[in-house]
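Structure first, commentary second.
Residue numbers (this note's numbering): 52 to 108.
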């Protein structure tokens, strides 16, 4: 997951011919996408307390 923003940065840097501002902005955007993905997965994850509660029902 950490590679995604880095690959984005260097790919866009190469495509744009060295424009670090655009590359940095898109890399920051991709880092936020990765962070949002982590948060979504964390909220969807079942905890042990939920598993025990469902088991007792």
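Idealized CB from N, CA, C, for every residue including glycine.
Status (buried if at least 16 other CB within 10 Å, exposed otherwise) for residue i
{"i": "residue 102", "result": "exposed"}
Beta-carbon proximity list for residue i, same chain, < 8 Å, skipping 5 on both sides
{"i": "residue 88", "result": "52"}
Residue-level contact to chain D via CB, residue i, 8 Å cutoff
{"i": "residue 63", "result": "Structure shown: chain D not included; a single protein chain is present."}
Beta-carbon proximity list for residue i, same chain, < 7 Å, skipping 5 on both sides
{"i": "residue 73", "result": "63 and 67"}
Own chain residues within Cβ distance below 6 Å of residue i, not counting five before or after
{"i": "residue 60", "result": "74 and 78"}
{"i": "residue 97", "result": "none"}
{"i": "residue 81", "result": "55, 56 and 59"}
{"i": "residue 95", "result": "none"}
{"i": "residue 99", "result": "none"}
| query | Whole alpha helix (DSSP H) runs in the stretch 57-105 with 4 or more residues, listed along the chain? | reply | 71-95
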